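Numbering (UniProt numbering), first residue to last: 1 to 185.
Below you can see the structure in the form of structure tokens.
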């Protein structure tokens, strides 16, 4: 595993760990979004080659607890680390991954119309959304569209087992190439 730094859309730099093409990082939930009695930290996973960020939001309660929130993102590699840019479109996936909801396409359209994203970024988001659905969520009965993979990816399952990434150095996994942005793109 390699340590990396990730800039979350809230402006927080977060320590993360890279395993293969997946980066796990913990981010503190901003006070205005916290829910009393619930954890105040979310763990997110960047699928580097796919333009996707996965999170099981700690604020999801009741019937929504354990669901995956999938952000379609652009991941910028900078000298300081990885910078995550939210590209508006999202998916919501229950634990069984037997169905999904596509969210916020209206926000994607509004961002395109307002010039907040380029047509090329919009096209990338739509392509990445379809590839993600085909790779992880499409059922066998719907016919093949390429190699299917388990959801969530195996690296995510392995990284879920790490202790808090916000804790002291004593809890850190072994490190290679230590330093900001040390993971290779």
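Glycine included, C-beta positions come from ideal geometry on N, C-alpha and C.
In this text, all values refer to a predicted model and were calculated from it rather than measured experimentally.
Please name the residue, chosen from the options, that lies closest to residue i on a Cα-to-Cα basis.
| i | options | result |
| --- | --- | --- |
| residue 70 | 76, 86, 81 and 79 | 86 |
| residue 55 | 24, 108, 14 and 75 | 24 |
| residue 90 | 112, 36, 6 and 53 | 53 |
| residue 38 | 20, 59 and 26 | 59 |
| residue 107 | 126, 2 and 93 | 126 |
| residue 104 | 20, 35 and 88 | 88 |
| residue 43 | 20, 36 and 14 | 14 |
Here's the rule: buried if 16 or more other CB atoms are within 10 angstroms of the residue's CB, otherwise exposed. What is residue i?
| i | result |
| --- | --- |
| residue 57 | buried |
| residue 12 | exposed |
| residue 4 | buried |
| residue 174 | Note that residue 174 scores a pLDDT of 43, beneath 50, so its modelled location is shaky; the value from the coordinates is reported in the next line. Answer is exposed; the Cβ neighbour count stays below 16. |
| residue 81 | buried |
| residue 62 | exposed |
| residue 16 | buried |
| residue 98 | exposed |
| residue 183 | Reliability of the predicted coordinates at residue 183 is poor, the pLDDT of 37 falling under 50, and the value obtained from them is presented with this limitation in mind. Answer is buried; the Cβ neighbour count reaches 16. |
| residue 161 | exposed |
| residue 64 | exposed |
| residue 121 | buried |
| residue 178 | Confidence at residue 178 is low in this model, with a pLDDT of 36, below 50, so its placement is unreliable and the value that follows should be read with caution. Result: exposed. |
| residue 176 | Because the pLDDT of residue 176 is 42, which lies under 50, any placement of that residue in the model is unreliable, and the number read from its coordinates should be weighed accordingly. So residue 176 ends up on the exposed side. |
| residue 27 | buried |
List the residues that DSSP assigns as beta-bridge partners of residue i.
| i | result |
| --- | --- |
| residue 24 | 17 and 45 |
| residue 103 | 90 |
| residue 40 | DSSP lists no partner for residue 40. |
| residue 156 | Per DSSP, none; premise fails for residue 156. |
| residue 72 | 52 |
| residue 4 | 16 |
| residue 82 | 6 and 77 |
Would the beta-carbon of residue i fall within 8 Å of that of residue j?
| i | j | result |
| --- | --- | --- |
| residue 68 | residue 153 | no |
| residue 117 | residue 111 | yes |
| residue 9 | residue 84 | yes |
| residue 164 | residue 41 | yes |
| residue 22 | residue 159 | yes |
| residue 51 | residue 76 | no |
| residue 166 | residue 128 | no |
| residue 95 | residue 66 | yes |
When every heavy atom of the ligand SAM is checked, does at least one fall within less than 7 Å of the C-beta of residue i?
| i | result |
| --- | --- |
| residue 63 | The model on display carries no ligand, and the ligand SAM is accordingly not part of it. |
Next on the checklist: Check whether the stretch 27–46 and the stretch 137–147 are in contact - that is, three or more C-beta pairs closer than 8 Å.
Outcome noted: no
Checklist entry - With contact counted as at least three CB pairs below 8 Å, one residue from each stretch, are the stretch 118–132 and the stretch 45–55 in contact? => result yes
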